[in-house]
Amino acid sequence: MEVIPLDQLSEWRSRHYDLKIQLLRLSKKIVTTTHHEDVIFYQELCEIYARHIKKIESDCFDEIGVSICNCGFHPEQCIE
14 MEVIPLDQLS EWRSRHYDLK IQLLRLSKKI VTTTHHEDVI FYQELCEIYA
64 RHIKKIESDC FDEIGVSICN CGFHPEQCIE
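FYI, the numbering for the sequence shown is 14 to 93, going by my numbering.
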């Protein structure tokens, strides 16, 4: 069994967390923006962030066999 370096796992989790925070900030702008063009712009950015976050989750699982969950954001969704 391969040992997973904790610093590698910590890096995956940190990237995931930082991008989630940015995604949440962008999604709040959608609610507060009054211009339709801006809403579309923020939605497109949110979709890009979401795809990148999913890729990080996938890559982490594929490379080190660990799932990154949303416990910090939605503890009720954590199944562990």
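For every residue, glycine included, the Cβ atom is placed at its ideal position computed from N, Cα and C.
Between which residues of its own chain and Ile43 is the CB-CB distance below 8 Å, once the five residues before and five after are set aside? Answer for Ile43: Val52, Tyr55, Gln56, Cys59, listed in chain order.
Measure the alpha-carbon distance for Tyr30 versus Gly78 and round it to whole angstroms. Their backbone Cα atoms lie some 18 Å apart in a straight line.
Cβ-based neighbour list, Leu22, same chain, cut-off 7 Å, excluding 5 preceding and 5 following: Taking Leu22 as the centre and dropping the five residues before and after it, the same chain places the C-beta of Ile77, Val79 closer than 7 Å to its C-beta, in chain order.
State yes or no: is the C-beta of Trp25 within less than 8 Å of the C-beta of Ile61? For Trp25 and Ile61, no; Cβs fall outside 8 Å.
Between the C-alpha atoms of Asp20 and Ile34, what's the straight-line distance to the nearest angstrom? Going by the C-alpha atoms only, they are around 21 Å apart.
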